[in-house]
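What follows is one structure encoded as structure tokens, with my remarks underneath.
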Amino acid sequence: MLSAEDRQCWSVPFAGRTVRIYCLFFHIRRKVSRRTVFFWSEPGRKLTFAGLGCAYLIESDKVSGRYQEIERRWAEIAARSIGSEGAPEYAGPHLFGGFSFDPLNPSSSDWREYPSARFVLPRIMFTHREDGVWITLNKIVSEYSETLDWQEEIDFLAACDSQDLSEEETAHADADIIYKEEISPTDWMQAVEEAAEAIRAGEMEKVVLARSIRLYAEQDYPIAAILRRLLQEQTNSYVFAFGYGSSCFAGATPERLMRSKGREFHTLSLAGSIARGATEAEDQRLGEALYHDQKNLHEHQLTVQMIVDEMRALCEQVDVPDAPILHKLKDIQHLLTPITGWAREGATLLQAVERLHPTPALGGMPQDTAMAAIRRFEKMDRGWYAAPVGWLNREQDGEFAVAIRSALIRGREAVLFAGCGIVGDSDPHSEYEETALKFRPMLSALGYLKQEIEAECCK
Numbered sequence: 001m002l003s004a005e006d007r008q009c010w011s012v013p014f015a016g017r018t019v020r021i022y023c024l025f026f027h028i029r030r031k032v033s034r035r036t037v038f039f040w041s042e043p044g045r046k047l048t049f050a051g052l053g054c055a056y057l058i059e060s061d062k063v064s065g066r067y068q069e070i071e072r073r074w075a076e077i078a079a080r081s082i083g084s085e086g087a088p089e090y091a092g093p094h095l096f097g098g099f100s101f102d103p104l105n106p107s108s109s110d111w112r113e114y115p116s117a118r119f120v121l122p123r124i125m126f127t128h129r130e131d132g133v134w135i136t137l138n139k140i141v142s143e144y145s146e147t148l149d150w151q152e153e154i155d156f157l158a159a160c161d162s163q164d165l166s167e168e169e170t171a172h173a174d175a176d177i178i179y180k181e182e183i184s185p186t187d188w189m190q191a192v193e194e195a196a197e198a199i200r201a202g203e204m205e206k207v208v209l210a211r212s213i214r215l216y217a218e219q220d221y222p223i224a225a226i227l228r229r230l231l232q233e234q235t236n237s238y239v240f241a242f243g244y245g246s247s248c249f250a251g252a253t254p255e256r257l258m259r260s261k262g263r264e265f266h267t268l269s270l271a272g273s274i275a276r277g278a279t280e281a282e283d284q285r286l287g288e289a290l291y292h293d294q295k296n297l298h299e300h301q302l303t304v305q306m307i308v309d310e311m312r313a314l315c316e317q318v319d320v321p322d323a324p325i326l327h328k329l330k331d332i333q334h335l336l337t338p339i340t341g342w343a344r345e346g347a348t349l350l351q352a353v354e355r356l357h358p359t360p361a362l363g364g365m366p367q368d369t370a371m372a373a374i375r376r377f378e379k380m381d382r383g384w385y386a387a388p389v390g391w392l393n394r395e396q397d398g399e400f401a402v403a404i405r406s407a408l409i410r411g412r413e414a415v416l417f418a419g420c421g422i423v424g425d426s427d428p429h430s431e432y433e434e435t436a437l438k439f440r441p442m443l444s445a446l447g448y449l450k451q452e453i454e455a456e457c458c459k
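Counting in full-length UniProt numbering, the sequence shown runs from 1 upward without gaps.
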């Protein structure tokens, strides 16, 4: 392996025509097995990335120090990157990946392709913005490389240009689901009650408990069609997918963990939720009920306070509004408080990600006690669910979101995850119903809700 001093990253961006990149990349991955792919689209779809292949891989199985290892190794490569003059910042080399939720929890076979930390510099990256599309080619070379050969990448792009995507454009996300496997409602609600008892006994203030659903289909799940549906239905969420080996971890999360640009840090508290209404009047009534519900307000304020405390360790100034706002998604509405900070000299995005993860909205409070309680009560491996996923550019700026409303897909099998915050007066049945509501974005994307409706109509 080349030393850091011998490696350089050549990054060659150029403008390309508009393509439906979620179709293109996952079409190619379906045709060529075990390709590394990723997809990232921010809310509002003003910025979308997609990548294929691996020019450089950074992994860590460390329990501690994983954030520092990713940051250090990426800084070594980014500092020696050579790019085209005049290329916009969003078209240079970018690193994409994520972390596991809890590196102390034993990893299951489901997550064998998603270690404690895994980040990829793609060989080919598409960047789609309102002003057009950029294509970036990345290659790691050394001073001993005789030539810089882009022929394979150019041949691939030429093939993409003539690729018939009609099959992907018209493919249905509705897989025929034949079997569903999940923890029994009674067992999960018992875990909620035991957690609430521990909170009432003073062991902790809050803990977030999740559960999973495993769905088996007659045929492989069509990833491109699933992404298309997420993009269409979850317009106010980050839509993401990370495909490694035979697996793809995908979702639509409304929750930013941290965004940095220069010395500006932007994060938010997203805690407290209720369903959307069937009518405008009902929707407003439900929103008002959430806005004045003491349990949800208490949960929300716990998250706000933790984030502000951690931000102050990294920032000269932290700005937070006095009250939350309602953030409305397709199936659910949340309490949201935006939080902005002005970073101290030397503070970095990954330092902020490490300090914030997991927030009380994903883990609980106090953090260490809540994490131990999650291992005790959940009895499952969250893997990358509810963990930081995102990207970094060569200036170490970028954005990370929390990977909720997500599923791990492998062939005909999909494992969906959803969780909710437990406090002392939590009602187990209500918490179970809240998780059912949070499953809906991915159930809809997989076609399961449509299948349930059709089955109900046929009775």
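From the three backbone atoms N, C-alpha and C, an ideal C-beta is built for every residue, glycine too. These figures come from a predicted structure and were not determined experimentally.
Close beta carbons around residue i, own chain, < 6 Å, minus the five adjacent residues each side
i, result
"Ala-91", "Pro-13, Thr-127, Trp-134, Thr-136"
"Asp-95", "Before going on, a small fix: residue 95 reads as Leu here, not Asp. Within the same chain, Leu-95 has close Cβ partners Trp-74, Phe-119, Leu-121, Leu-392."
"Arg-66", "Ser-60, Ser-116, Ala-117"
"Gly-341", "Phe-265, Met-311, Cys-315, Val-318"
"His-357", "Pro-388"
"Arg-214", "Glu-181, Val-415"
Whole-angstrom distance between residue j and residue i, CA atom to CA atom
i, j, result
"Gly-447", "Gly-98", "27 Å"
"residue 463", "Ile-154", "Here the chain has residues from 1 to 459 only, and residue 463 is not among them."
"Ala-418", "Ala-196", "18 Å"
"Arg-80", "Glu-399", "22 Å"
"Ile-226", "Phe-240", "11 Å"
"Trp-150", "Gly-53", "14 Å"
"Ser-444", "Ala-217", "14 Å"
"Arg-200", "Pro-428", "14 Å"
"Met-125", "Ala-50", "6 Å"
"Gly-421", "Ala-281", "27 Å"
"Arg-410", "Tyr-432", "26 Å"
"Glu-395", "Val-308", "25 Å"
"Arg-229", "Phe-39", "14 Å"
"Asp-220", "Arg-412", "4 Å"
"Gly-364", "Pro-321", "22 Å"
"Pro-366", "His-298", "15 Å"
"Trp-384", "Asp-102", "9 Å"
"Glu-113", "Gly-245", "7 Å"
"Ala-87", "Pro-93", "11 Å"
Residue i - partner residues in DSSP beta bridges
i, result
"Leu-416", "Ile-213, Ala-407"
"Gly-243", "Val-37, Cys-248"
"Ala-117", "Ser-60, Phe-99"
"Phe-265", "Ser-260, Gly-341"
"Tyr-238", "Thr-253"
"Ala-50", "Phe-39, Phe-126"
"Ala-275", "Ile-332"
"Glu-181", "Arg-214"
"Ile-422", "Val-207"
Neighbourhood of residue i by C-beta distance below 8 Å, restricted to the same chain and skipping five residues each side
i, result
"Thr-170", "Because Thr-170 carries a pLDDT of 48, less than 50, the predicted location of this residue cannot be relied on, and no value is offered for it."
"Leu-47", "Ser-41, Tyr-90, Thr-127, His-128, Arg-129"
"Arg-405", "Gln-234, Ser-237, Gly-251, Ala-252, Thr-253, Pro-254, Ala-418, Lys-438, Pro-441, Met-442"
"Leu-286", "Ile-274, Ala-275, Arg-276, Gly-277, Gln-333"
"Asp-381", "Asn-105, Pro-106, Ser-107, Ser-108, Asp-110, Trp-111"
"Val-43", "What sits at residue 43 in the sequence shown is Pro, not Val. If we look at Pro-43 and ignore the five residues flanking it on each side, its Cβ neighbours are Thr-235, Asn-236, Ser-237, Tyr-238, Pro-254."
Integer-rounded CB distance, given that residue j should sit under 8 Å from residue i
i, j, result
"Glu-310", "Arg-355", "4 Å"
"Val-415", "Ala-407", "6 Å"
"Leu-257", "Ala-401", "6 Å"
"Ala-198", "Glu-378", "With a Cβ gap of about 14 Å, Ala-198 and Glu-378 do not count as contacting."
Chain-order list of residues whose beta-carbon lies under 7 Å from that of residue i (same chain, five-residue window excluded)
i, result
"Thr-303", "Ser-269, Ala-271, Thr-359, Pro-360, Ala-361"
Taking only runs that begin and end inside the stretch 355 to 405, name each unbroken beta strand (DSSP E) of 3 or more residues, in chain order.
388 to 393, 398 to 402
May I have a chain-ordered list of the beta strand (DSSP E) segments no shorter than 3 residues that lie completely inside the stretch 287 to 342?
315 to 319, 325 to 328
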